[in-house]
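A.B. asks:
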Amino acid sequence: EADIYQTPRYLVIGTGKKITLECSQTMGHDKMYWYQQDPGMELHLIHYSYGVNSTEKGDLSSESTVSRIRTEHFPLTLESARPSHTSQYLCASSSGEGLADTQYFGPGTRLTVL
Amino acid sequence: AQKVTQAQTEISVVEKEDVTLDCVYETRDTTYYLFWYKQPPSGELVFLIRRNSFDEQNEISGRYSWNFQKSTSSFNFTITASQVVDSAVYFCALSETGSARQLTFGSGTQLTVLP
Chain A
2 EADIYQTPRY LVIGTGKKIT LECSQTMGHD KMYWYQQDPG MELHLIHYSY GVNSTEKGDL
62 SSESTVSRIR TEHFPLTLES ARPSHTSQYL CASSSGEGLA DTQYFGPGTR LTVL
Chain B
170 AQKVTQAQTE ISVVEKEDVT LDCVYETRDT TYYLFWYKQP PSGELVFLIR RNSFDEQNEI
230 SGRYSWNFQK STSSFNFTIT ASQVVDSAVY FCALSETGSA RQLTFGSGTQ LTVLP
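If you read the protein sequences in the order shown, they are chains A and B. With our numbering applied, the first sequence corresponds to residues 2 to 115, in that order. With our numbering applied, the second sequence corresponds to residues 170 to 284, in that order.
#1: Is it true that the CB of A:Gln37 sits closer than 8 Å to the CB of A:Gly109?
#2: Which residue wins for smallest C-alpha separation from A:Asp60, given the options A:His48, A:Gly52, A:Glu73 and A:Val114?
#3: Following the continuous beta strand (DSSP E) through A:Glu57, name the residue where it begins and the one where it ends.
#4: Taking the continuous beta strand (DSSP E) assigned at B:Asn236, which residues delimit it?
#5: Could you tell me whether the Cβ atoms of A:Leu44 and B:Glu265 are closer together than 8 Å?
#6: Evaluate contact between the region 220–233 of chain B and the region 242–253 of chain B, counting only Cβ atoms and requiring at least three cross-stretch pairs below 8 Å.
#7: Among B:Glu184, B:Lys207 and B:Asp255, which residue has its Cα nearest to the Cα of B:Cys261?
#8: What are the residues that DSSP puts in a beta bridge with A:His45?
#9: Could you tell me if A:Thr78 is buried or exposed, where buried requires 16 or more neighbouring beta carbons within 10 angstroms of its beta carbon?
#10: Just verifying my parser: in three-state terms, what is the DSSP assignment at A:His86?
#11: Identify, in the order they occur along the chain, each residue of the same chain with its Cβ nearer than 7 Å to the Cβ of A:His86, setting aside the five sequence neighbours on each side.
#12: Which residues in chain B have a C-beta closer than 7 Å to the C-beta of A:Tyr105? List them in chain order.
#13: So, under 8 Å CB-CB, A:Ser68 and A:Pro76 are touching, yes? Tell me the CB distance rounded to an integer number of Å.
#14: Against chain B, which members of the region 76–89 of chain A pass a CB distance test of less than 9 Å?
#15: Ends of the beta strand (DSSP E) at B:Asn221?
#16: What residues in its chain sit with their C-beta under 8 Å from that of B:Gln177, if we drop five residues either side in the sequence?
#17: With distance defined between alpha-carbon atoms, name the residue in A:Glu23, A:Ser81 and A:Trp35 nearest to A:Ile14.
#18: Taking 8 Å as the CB-CB limit, is B:Asn221 close to chain A?
#19: Tell me the rounded alpha-carbon separation between A:Tyr34 and B:Thr241.
#20: So the candidates are A:Val53, A:Gly17, A:Ser63 and A:Lys19; which of them puts its Cα closest to the Cα of A:His30?
#21: Of the residues A:Tyr90, A:Phe106 and A:Pro9, which one's Cα is nearest the Cα of A:Asp39?
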């Protein structure tokens, strides 16, 4: 099981602020992912990375950006937060076993933009 | 078209009842994997099981069991003698060839177990 950490767990912030959601894993996994989850429960992939210096956009268009400078770290940044960004953000990582690849998730960040 | 369908949006049972969560998937691949995750109120997704398309044996782990039937493209999850701590959202997911994102999730089933 992966050890994957997200900070902060909860964030309430005003419109227009720049925020960075942190995600770190200690398992040396190559692949990392960001999902957005609204109260309607469905998970939407917004970003993923196959390794250092690799980032791709997911299925759901997002105004956020990500970076992958170190294997263990995959932060997500919103340059100017808006109320529409209010959601839960889940980070995940996996070791890359092809189809058998199992994603392990962090505890999530609940973001509220006022 | 939905690749992973969890038709039951919400299920409510009384403690000690058995409950089955349905998952129907769609793929053209012969090799694929299916997963179940649990999301308790605390928010994190917890991995429960992974099953490959060549293994149709049912799996049992304590009170949990999974029934995989390729003929009906289903991978259903049963909780026996449910407990209040089983209350969570449960997600089924599919991993198939050609999907760079790897996992396609269903929309989840909210299970509430009442005392």
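Built from N, CA and C at the ideal position, the CB exists for glycine as well.
C.D. replies: Reading off the structure:
#1: Not a contact, by the Cβ cut-off of 8 Å.
#2: A:His48
#3: Ser55 to Lys58
#4: Tyr233 to Gln238
#5: no
#6: Yes: at least three Cβ pairs fall under 8 Å.
#7: Comparing Cα-Cα distances from B:Cys261 to each of B:Glu184, B:Lys207 and B:Asp255, the minimum goes to B:Lys207.
#8: Answer is A:Gln37.
#9: exposed
#10: helix
#11: Within the same chain, A:His86 has close Cβ partners Leu79, Leu112 and Val114.
#12: Phe216
#13: 6 Å
#14: Only Gln89 from the region 76–89 of chain A bring a Cβ to less than 9 Å from some Cβ of chain B.
#15: Val215 to Asn221 is the extent of the beta strand (DSSP E) around B:Asn221.
#16: Leu190, Asp191 and Thr278
#17: A:Ser81
#18: yes
#19: 31 Å
#20: Comparing alpha-carbon positions, the option among A:Val53, A:Gly17, A:Ser63 and A:Lys19 lying closest to A:His30 turns out to be A:Val53.
#21: A:Tyr90
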